[in-house]
Structure formats: C-alpha cells, structure tokens
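Residues 70 to 633 in our numbering are what the sequence shown spells out, letter by letter. For reference, the structure is listed below as structure tokens.
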Amino acid sequence: MYQINGAMKQSRNFHVIFLLAFIVVFAGCGNKKDDDKSISPDEMDDHVEAKIASLLKGTAAKSKLDDSTVLSFSPVVNYYYAATAFKPVWSSMEKWKPYTDSLIQYIAASEKDGLFPDNYQYAALQSIMQNLQADSLKRKDVNVWARADILMTNAFFHILQDLKQGRIQPDSIAWKNNGGQHEKFFSAYIKKLQQGESISSIVASVQPSLKDYQALKKNIPLFLDSMDRTSYSYVNYPGKDSLSLLKNVLKRLAESGYNIPTGKPDSTMLRELITKYQKAKGLKQTGKVSAGLASVLNSTDKEKFKRIAITLDRYKQLPATLPEKYIWVNLPAYSLKVWDNDSLAMESKVIVGKPGTPTPVINSEISDLIVYPTWTVPNSIIVKEILPGLKRNPGYLARKGLGLYSSKGDPVDPYTVNWSKYSKGIPYLVRQGSGDNNALGVIKFNFANPYAVYLHDTNQRYLFKNKERSLSHGCVRVQDWEKLAFYIMRNDSVNSRQPDSLKANTDSITTWISRKERHSIVIKQKLPVFIRYFGCEGGTASIKFYDDIYGEDKKLRDKYFAQK
70 MYQINGAMKQ SRNFHVIFLL AFIVVFAGCG NKKDDDKSIS PDEMDDHVEA KIASLLKGTA
130 AKSKLDDSTV LSFSPVVNYY YAATAFKPVW SSMEKWKPYT DSLIQYIAAS EKDGLFPDNY
190 QYAALQSIMQ NLQADSLKRK DVNVWARADI LMTNAFFHIL QDLKQGRIQP DSIAWKNNGG
250 QHEKFFSAYI KKLQQGESIS SIVASVQPSL KDYQALKKNI PLFLDSMDRT SYSYVNYPGK
310 DSLSLLKNVL KRLAESGYNI PTGKPDSTML RELITKYQKA KGLKQTGKVS AGLASVLNST
370 DKEKFKRIAI TLDRYKQLPA TLPEKYIWVN LPAYSLKVWD NDSLAMESKV IVGKPGTPTP
430 VINSEISDLI VYPTWTVPNS IIVKEILPGL KRNPGYLARK GLGLYSSKGD PVDPYTVNWS
490 KYSKGIPYLV RQGSGDNNAL GVIKFNFANP YAVYLHDTNQ RYLFKNKERS LSHGCVRVQD
550 WEKLAFYIMR NDSVNSRQPD SLKANTDSIT TWISRKERHS IVIKQKLPVF IRYFGCEGGT
610 ASIKFYDDIY GEDKKLRDKY FAQK
C-alpha cells in the first residue's frame with residue numbers, strides 16, 4: 070500500500086494547488102482566455118497542476134472526465150495524481166515530454182500486441198496533439214494540457230494492465246478497481262519513463278515471455294497487412310428467435326454478395342441460397358441454418374482478430390514461466406505436445422470431449438500409468454446413458470461389455486434390480502474389464518483433478534482420421550500413446566536417483582502389453598500437464614485458427630469484445 074510521507078509538507082502543497090485551482094476557476098469566466106494568454110511557459114506547470122486537481126475532483130464519484138469521456142482507470146489515476154501532488158506527467162512548460170509522442174505512436178500501432186487503439190482514447194489524444202501543434206493559442210490553454218495529461222496517464226495505465234493481466238479477468242480482481250493496492254505497479258512504470266526507459270521496452274517487459282505467446286505475436290503484423298477491415302453483420306446463433314436469426318443470416322449473405330430477393334423468402338429459395346453458400350465454403354450441404362454455418366459466416370478478419378486478442382489474454386493467465394518439461398494439450402487444435410527445454414519432444418493427435426461433455430481446462434501432473442486398465446464408468450455417464458439403457462433392458466450392460474458391481478466389488482445381476490426407482494444415480498459400480506475392447510485401450514495416464522478425466526489410449530483408433538475430433542465423454546484419447554508412455558518412463562529413469570530403482574521401464578511396458586497383463590506404474594518424477602483452450606496459434610508463416618468447438622471464445626467475445 071502506498072504511504073504518503075511528509076504529511077505536513079504535502080498538506081501545504083495541496084493548499085497551494087487547490088488555491089490555484091480556485092483562482093483558475095473563479096477569477097472571471099469572461100477573462101479566462103486573456104488570463105491564459107498571460108501565463109508564461111515557466112508558470113504553466115503550476116497552473117496545469119491546479120487544473121488536474123480540479124478536473125479529478127469531479128471524477129472520483131462518476132469516473133468521468135466529462136459527459137462523453139469515461140476514465141477507465143479512474144481509481145488508480147486519482148490515487149496516482151494525489152500521491153504526486155497532481156504534477157503533470159506528459160508535458161512541461163508548454164512542451165510534450167520526449168516519451169509522449171512514443172506513447173501516441175504505440176497506441177496507434179497497438180494492434181500488433183492484440184490491443185484495440187480506441188480503448189485508450191486514441192482519437193481524442195491525437196486530436197489534442199494536432200490542435201496544440203497547429204494553434205498557438207491552444208498552447209496557452211491550461212485546460213487542454215491538464216485534460217491531455219489525465220487522458221494519457223489513464224491510457225498508459227490501461228495499456229499496462231491489458232498487456233500484463235489481460236482483459237478477460239473478472240471485475241473483482243481487475244487492478245483498475247483498486248487504486249491503492251496496485252498503484253505501485255503503475256507508478257513504477259511512469260518512473261521508468263521519466264528515468265529514460267522507452268515505451269517499447271516497457272510494453273515488452275510486462276508481456277509474457279512464453280515462446281508460444283511470442284510466436285503468435287510475431288505473426289500478427291502479417292495478418293494485419295492483409296486484414297479485411299470491412300464491418301460485417303455478426304450472426305448471433307441461435308439468437309432470440311428463428312425469424313430474427315433468419316433475417317440476420319440473409320443480411321450477412323447479402324453482405325457477401327449473394328442476391329437476396331425482396332420480401333419474405335420462401336423455404337425452397339432459402340434452402341437453395343444456404344446450400345449455395347455451404348458449397349462455396351466446403352461445408353456439408355444441408356440447406357439449413359446451423360451453428361457451423363454461423364461460425365463460418367462470422368469468420369471475418371475482424372472477428373479473427375478478436376480471437377487473437379482472446380488467445381493472447383489466455384496466455385497471460387498462465388504462470389510467468391513454465392516447467393522445463395511438460396505436456397501441453399490444446400483442445401481446439403486436437404493436439405498434444407511434449408516440450409523438453411523448449412524443444413518439441415513429441416506430438417500426437419488427440420480426441421477430446423464432445424460439446425455436451427467438454428474436456429475441462431486443467432493444471433496437474435502425471436502421477437501414474439496403468440497398463441491394461443479397467444474402466445469404472447463415471448456417474449455423469451451412468452445418469453445420461455447407462456441408467457436409461459438399463460430401464461429399457463437390463464441386458465444393456467452385457468451388450469456394451471460392461472459389468473455391474475456392488476460398492477465392495479461383488480458382481481450384481483442387473484435383472485434383479487428395480488431400475489425404475491433410480492433417476493439421479495445408482496448405488497452400484499459399472500465397470501469394464503481390461504482388454505483390447507476396453508474403452509481406455511491398453512494404457513491410461515492418471516493425473517489428479519476434480520473432474521475424473523485422464524489421458525488414455527482408445528479401442529476406437531480409427532476415429533483419429535477424422536478432422537473434427539470432439540467425440541469423447543471428457544477424457545483425452547491419445548493416438549501416439551506409446552511414444553508418450555516411453556517418454557514419461559525415460560524421463561523418470563533419467564531423473565531417478567540411486568539407490569532408487571524403477572520397477573518398470575519401456576521394455577517392461579512392451580512386454581506387459583504383449584502379454585496383456587495389467588500393471589500400475591507410479592511416476593516418481595511427476596510430469597506437469599496443461600490442458601488448455603487456445604483458439605489460434607502462431608505458425609511458421611501465418612496464424613492457425615481452430616474451430617471454437619465449445620463456444621468458449623464466443624462467450625468471451627460477446628462479454629468483452631462485442632463492440633470492437
């Protein structure tokens with residue numbers, strides 16, 4: 070918490086400042102311009118201090134500089150200026166400080182960091198600077214200098230938070246809402262500016278240094294160079310009702326050059342129109358409005374840029390540094406990567422949860438491997454699938470290769486149970502024995518988490534040929550499970566210290582699988598695993614965009630970036 074020292078001295082300074090503010094405001098409205106003209110450059114800073122104090126006095130309650138200008142960081146801005154006796158930051162003696170132009174230039178080009186210039190009063194600041202340069206009388210206007218200083222400080226603080234913390238944080242933890250608690254962070258960077266550090270150095274220092282973040286950012290300038298900045302209508306699927314959705318789709322198709330007849334279209338014409346668009350985009354030709362159709366219609370460059378911004382902010386939610394070795398699963402990419410000291414040790418296709426049973430975002434670490442595992446069906450699947458099947462026919466479990474057991478593990482005959490009395494669960498275990506037909510395949514990778522999900526092989530390996538692979542109940546199926554298992558075992562062996570001895574190695578796993586033997590292997594050197602939802606990634610020459618399979622990017626887009 071910032072503490073103000075020298076209370077008596079500061080009190081005297083405040084009295085002087087507010088006396089000057091009083092003089093500026095009440096010395097005579099009719100003579101204001103003449104009074105401003107009489108202010109010499111040497112006197113200007115004192116008058117600007119007083120005006121800053123006067124302007125901020127009215128913003129504390131409403132967070133507005135005037136009716137049309139919101140101070141997004143009002144608590145922090147007020148706290149900072151009060152702690153520094155309202156001294157101007159960005160100008161002195163009717164001249165801009167050397168770093169002021171650098172800030173304006175950065176805001177103008179801030180899209181390269183995934184930011185939106187209009188979030189930082191760019192138009193207002195640019196107008197002020199142009200007017201001051203062109204009009205010598207304006208340069209004598211105390212109000213203009215004070216207003217500009219407040220806006221620039223607000224913009225600078227806003228940029229620092231957006232680059233450091235991101236924009237997709239809950240309001241309860243956003244730094245902008247607690248001036249006293251976080252003022253030290255913001256004021257430290259103003260001090261760096263005043264000591265000569267460049268704007269470019271400061272904005273680089275507050276951003277993640279993670280290689281994937283930097284790889285995505287590296288591709289943004291090329292994306293911006295070819296970006297179509299046309300504003301297209303956004304199709305909000307499923308929308309409030311079918312009629313408004315239909316109107317929205319037709320408007321969007323018209324914007325793409327499709328000929329839309331006047332009046333209410335008949336169903337045949339509408340089907341043909343949508344089918345034509347689906348064919349042109351390589352979609353399944355259903356002739357129907359769907360989530361997939363809306364997604365493609367919304368895949369404009371401006372919307373893609375919002376997904377870039379969202380993804381950059383997701384990186385800001387990661388630890389500042391990642392472990393030397395870790396497993397990284399990106400759900401929309403259907404991809405698993407193992408990183409070893411910034412080198413890609415292996416990569417595999419994965420199958421992830423369906424939209425109805427999505428794989429959660431998780432931080433954990435691999436604790437053990439099970440060769441030829443059994444599968445205990447989680448309660449969520451029992452309620453949604455198993456119980457309805459048992460109510461239709463108690464032979465449902467046998468057809469699925471599943472067994473029914475008591476809590477003690479004793480077999481139970483499903484024909485002896487009155488299934489009609491259960492609705493939210495059953496007092497039994499449903500389990501699938503180990504073997505080649507087991508849903509988990511021949512190996513399972515356990516890690517602690519509250520969702521009962523894990524990495525595993527599968528008995529449906531043919532599904533890896535699919536482009537869209539959100540098909541599981543929530544667990545992550547790994548195509549190259551053998552490579553992953555061998556990497557984990559080798560890593561455990563290398564890092565184990567004598568007299569520790571591993572009971573298993575890669576040869577052991579190969580032998581057990583050939584014999585179809587069930588074994589559990591505890592991992593001593595637990596390997597971190599990150600399961601994440603990143604809608605785009607930086608490639609070697611361009612940005613790769615992935616389908617928003619769970620609509621997570623859309624939720625953040627609608628909440629934080631709808632008006633951008």
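The beta-carbon is built from N, C-alpha and C at its ideal position, and this holds for glycine as well.
If you run the structure through DSSP and keep just helix, strand and coil, what is residue 102? As a working note, residue 102 is residue 33 in the sequence shown. Its pLDDT being 49, under 50, residue 102 is placed unreliably in this model, and the coordinates cannot settle the point.
Could you tell me the boundaries of the alpha helix (DSSP H) in which residue 348 lies? Your numbering for residue 348 matches position 279 in the sequence shown. Its alpha helix (DSSP H) spans residues 336-349.
For residue 353, which residues in the same chain have their Cβ closer than 8 Å to its Cβ, ignoring the five residues on either side in sequence? By 1-based counting over the sequence shown, the position of residue 353 is 284. Shown here for residue 353: same chain residues with a beta carbon closer than 8 Å to its own, the five before and five after excluded, namely 347 and 361 in chain order.
For residue 238 and residue 444, the rounded distance between their alpha carbons: Numbered from its first residue, the sequence shown carries residue 444 at position 375. Numbered from its first residue, the sequence shown carries residue 238 at position 169. Pairing residue 444 with residue 238, the inter-Cα distance amounts to about 37 Å.
Let's test the definition: count the other Cβ atoms within 10 Å of the Cβ of residue 378 and tell me whether it reaches 16, buried, or not, exposed. Locating residue 378 in the sequence shown gives position 309, counting from the first residue. Residue 378 is buried by the Cβ-count criterion.
Go through the region 118-154 residue by residue and report every complete run of the beta strand (DSSP E) that reaches 3 residues or more, in order. If only uninterrupted beta strand (DSSP E) runs of at least 3 residues are considered, those enclosed by the region 118-154 are 133-135.
Check whether the region 416-433 touches the region 611-620, taking contact to mean three or more Cβ pairs, one atom from each stretch, closer than 8 Å. A contact exists between the region 416-433 and the region 611-620.
Who are residue 415's beta bridge partners in DSSP? Translated into the one-based positions of the sequence shown, residue 415 becomes position 346. The partner list for residue 415 (beta bridge, DSSP) reads 407.
Do the CB positions of residue 369 and residue 356 come within less than 9 Å of each other? Counted from its first residue, the sequence shown places residue 369 at position 300. Counted from its first residue, the sequence shown places residue 356 at position 287. Not in contact: residue 369 and residue 356 (Cβ atoms no closer than 9 Å).
Candidates 166, 119 and 262, of which the one nearest residue 211 by Cα: By one-based count along the sequence shown, residue 211 stands at place 142. Comparing alpha carbon positions, the residue from 166, 119 and 262 closest to residue 211 is 119.
Exposure of residue 252, with buried meaning 16 or more beta-carbon neighbours within 10 Å: For the purposes of this step, residue 252 is taken as the residue at position 183 of the sequence shown. By the neighbour-count rule (16 or more Cβ atoms within 10 Å), residue 252 is buried.
I want to see whether chain D comes within less than 9 Å of residue 165, judged by CB atoms only; does it? The question asks about chain D, but that chain is absent: this structure has only one protein chain.
In or out: residue 209 buried (at least 16 other Cβ within 10 Å) or exposed? Against the sequence shown, residue 209 aligns to sequence position 140. Residue 209 is buried by the Cβ-count criterion.
Quick one: grab the DSSP three-state call for residue 445. Counting from 1 along the sequence shown, the entry for residue 445 is found at position 376. Looking at residue 445 - three-state DSSP - the assignment turns out to be strand.
Measuring alpha carbon to alpha carbon, tell me which of 156, 136 and 132 ends up nearest residue 145. Here residue 145 refers to the residue found at position 76 when the sequence shown is read from its first residue. Taking only the C-alpha atoms, the option nearest residue 145 is 132.
Per DSSP, what kind of secondary structure is residue 459 in: helix, strand or coil? Translated into the one-based positions of the sequence shown, residue 459 becomes position 390. Looking at residue 459 - three-state DSSP - the assignment turns out to be helix.
Roughly how many angstroms separate the alpha carbons of residue 358 and residue 314, rounded to a whole number? Sequence index remark: in the sequence shown, residue 358 carries index 289 (1-based). Sequence index remark: in the sequence shown, residue 314 carries index 245 (1-based). Whole-angstrom Cα-Cα distance: 9 Å.
Residue closest to residue 224, alpha-carbon to alpha-carbon, out of 544, 320 and 159: Numbered from its first residue, the sequence shown carries residue 224 at position 155. Ranking 544, 320 and 159 by CA distance to the CA of residue 224 puts 159 first.
Give me whichever residues DSSP pairs with residue 557 in a beta bridge. As a first step, residue 557 is located in the sequence shown; it is residue number 488 there, counting from the start. Residue 557 is not bridged to any residue.
Pull the bridge partners of residue 605 from the DSSP assignment, please. Along the sequence shown, one-based indexing puts residue 605 at 536. Residue 605 pairs with 614.
What's the call for residue 484, buried or exposed, on a 16-neighbour Cβ count within 10 Å? Here residue 484 corresponds to residue number 415 of the sequence shown, with the count starting at 1. Exposed is the call here.
Do residue 613 and residue 606 have their C-beta atoms closer together than 9 Å? Stepping through the sequence shown from its first residue, residue 613 is reached at position 544. Stepping through the sequence shown from its first residue, residue 606 is reached at position 537. In this structure, residue 613 lies near residue 606, with their beta-carbon atoms less than 9 Å apart.
Between residue 517 and residue 436, is the Cβ-Cβ spacing less than 9 Å? Taking the first residue of the sequence shown as position 1, residue 517 is located at position 448. Taking the first residue of the sequence shown as position 1, residue 436 is located at position 367. Closer than 9 Å, so yes.
Use the C-beta contact count for residue 277: other C-beta atoms within 10 angstroms, 16 or more gives buried, fewer gives exposed. Along the sequence shown, one-based indexing puts residue 277 at 208. Taking every protein chain shown into account, the CB of residue 277 has 16 or more other CB atoms within 10 angstroms, so this residue is buried.
Whole-angstrom C-beta distance between residue 592 and residue 549, which should lie under 8 Å: The residue you call residue 549 lines up with position 480 of the sequence shown. The residue you call residue 592 lines up with position 523 of the sequence shown. With a Cβ gap of about 18 Å, residue 549 and residue 592 do not count as contacting.
Beta-carbon proximity check, residue 509 vs residue 598, cutoff 9 Å: Along the sequence shown, read from residue 1 onward, the residue named residue 509 stands at position 440. Along the sequence shown, read from residue 1 onward, the residue named residue 598 stands at position 529. Taking 9 Å as the Cβ cut-off, residue 509 and residue 598 do not qualify as a contacting pair.
Identity of the residues DSSP links to residue 396 by a beta bridge: Taking the sequence shown and counting its residues from 1, one reaches residue 396 at position 327. DSSP, once it has assigned bridges, lists 407 and 598 as partnering residue 396.
Please report the distance separating the alpha-carbon of residue 622 from that of residue 383. The count along the sequence shown starts at 1 and reaches residue 622 at position 553. The count along the sequence shown starts at 1 and reaches residue 383 at position 314. Rounded to whole angstroms, the separation of the alpha carbons of residue 383 and residue 622 is 10 Å.
Rounded to a whole number of angstroms, what is the C-alpha to C-alpha distance between residue 498 and residue 478? Locating residue 498 in the sequence shown gives position 429, counting from the first residue. Locating residue 478 in the sequence shown gives position 409, counting from the first residue. Here the alpha carbons of residue 478 and residue 498 stand approximately 8 Å from one another.
Which residue from 154, 303 and 137 puts its Cα closest to that of residue 121? On the sequence shown, residue 121 is found 52 positions in, with the first residue counted as 1. For the options 154, 303 and 137, the alpha carbon positioned closest to that of residue 121 is the one of 154.
Leaving aside the five residues before and after residue 434 along the sequence, list all residues of the same chain whose C-beta is less than 7 Å from its C-beta, in chain order. Taking the sequence shown and counting its residues from 1, one reaches residue 434 at position 365. Here the set comprises 516, 595, 596, 597 and 598.
To the nearest angstrom, report how far apart residue 198 and residue 222 are at their CA atoms. Here residue 198 corresponds to residue number 129 of the sequence shown, with the count starting at 1. Here residue 222 corresponds to residue number 153 of the sequence shown, with the count starting at 1. If you take the alpha carbons of residue 198 and residue 222, they lie about 15 Å apart.
Contacts around residue 393, its chain only, beta-carbon distance under 8 Å, and the 5 residues preceding and following it disregarded: Sequence index remark: in the sequence shown, residue 393 carries index 324 (1-based). Excluding its 5 nearest sequence neighbours in each direction, residue 393 has C-beta neighbours in its own chain below 8 Å: 409 and 410, listed in chain order.
Alpha helix (DSSP H) runs contained entirely in the region 270-343, provided each spans 4 or more residues: Within the region 270-343, the runs of alpha helix (DSSP H) that reach at least 4 residues and sit entirely inside it are, in chain order, 280-294 and 311-324.
Neighbourhood of residue 481 by C-beta distance below 7 Å, restricted to the same chain and skipping five residues each side: What you label residue 481 is simply residue 412 of the sequence shown in a count that begins at 1. The answer, listed in chain order, is 473, 474, 475 and 497.
Burial state of residue 538 (16 or more Cβ within 10 Å): The residue given as residue 538 occupies position 469 in the sequence shown. By the Cβ-count criterion, residue 538 is buried, with 16 or more other Cβ atoms from all chains shown falling within 10 Å of its own Cβ.
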